[in-house]
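Under UniProt numbering, think of the first position of the sequence shown as 1, with each following residue one higher. Below is one structure, written out as structure tokens; comments come after it.
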Amino acid sequence: MTYAYKLMNSPVGELKLVANGNRLAAILWENDKPNRVRLPEMIEADERPILIETERQLNEYFAGTRDRFDLELDFQGTDFQKKVWAALLTIPFGETRSYSDIATQIGNINAVRAVGAANGRNPISIVAPCHRVIGASGDLTGFAGGLANKMFLLSLEAGQTSLEAAADSNAAATATAAAASSATPGTVVREAPVKPARPAPSRGTQHSLFGN
Numbered sequence: 001m002t003y004a005y006k007l008m009n010s011p012v013g014e015l016k017l018v019a020n021g022n023r024l025a026a027i028l029w030e031n032d033k034p035n036r037v038r039l040p041e042m043i044e045a046d047e048r049p050i051l052i053e054t055e056r057q058l059n060e061y062f063a064g065t066r067d068r069f070d071l072e073l074d075f076q077g078t079d080f081q082k083k084v085w086a087a088l089l090t091i092p093f094g095e096t097r098s099y100s101d102i103a104t105q106i107g108n109i110n111a112v113r114a115v116g117a118a119n120g121r122n123p124i125s126i127v128a129p130c131h132r133v134i135g136a137s138g139d140l141t142g143f144a145g146g147l148a149n150k151m152f153l154l155s156l157e158a159g160q161t162s163l164e165a166a167a168d169s170n171a172a173a174t175a176t177a178a179a180a181s182s183a184t185p186g187t188v189v190r191e192a193p194v195k196p197a198r199p200a201p202s203r204g205t206q207h208s209l210f211g212n
């Protein structure tokens, strides 16, 4: 079967879901660089089952009811890149790892920069959670989807909240910052209340099939 894609609206912009046959090959960002993930020519196929299922699971993730994905994946890259991308799949929901952690995990502690490069070329964003990899100092560092989206995903996972609650939290933070900038000296600015998180979502099983 040929490569096919489906466009999906999401809280982090329009996502391009790409399938190779019946496996998920890529999730690309709305403003992704054209050469970040190399893919062959493809057709639009909104009815491809794997793309429909991917969209369904992503919607559940954004709604706060899913913390793992149950999809057949098709990673195309070098052996080193595949090791890094496989390591991404082991980072638990709501946790982060440093580039050094990933380098150690794949048995090449001196390959921190190469890990960063491979992480940046991760083709299956969100599902293979490259957003959970941060700098050793805790800095968010670069991200193909933009740092605002990286912060949004990490915030969503850290609180295991629904999308509505996460949006309220972001809005409250923005309002607080705006109030602080406009307040007269000596004025105490109180943070707006944030809705409590929902119970943790149910867990699924992450499957991965690495292409050659």
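Quick reminder that beta carbons are idealized off the backbone N, C-alpha and C, glycines included. These figures come from a predicted structure and were not determined experimentally.
| Of the residues 11, 12, 13, 20, which one's Cα is nearest the Cα of residue 5? | 20
| said: Could you pull the DSSP bridge partners for residue 5 from this structure? | reply: 18, 44
| message | If I measure Cβ to Cβ from residue 151 and keep anything under 7 Å in the same chain, skipping five residues before and after, which residues do I get? | response | 140
| message | Which same chain residues end up closer than 6 Å to residue 221 when comparing Cβ atoms and leaving out the 5 residues on each side of it in sequence? | response | Nothing can be reported for residue 221: it is not among the residues displayed for the chain, which extend from 1 to 212.
| task | Could you tell me whether the segment 112–130 touches the segment 64–78, where touching means 3 or more Cβ pairs closer than 8 Å? | result | yes
| field | Where the alpha helix (DSSP H) containing residue 102 begins and where it ends | value | 99–105
| field | Neighbourhood of residue 109 by C-beta, 6 Å cutoff - its chain only, sequence neighbours within 5 removed | value | 103
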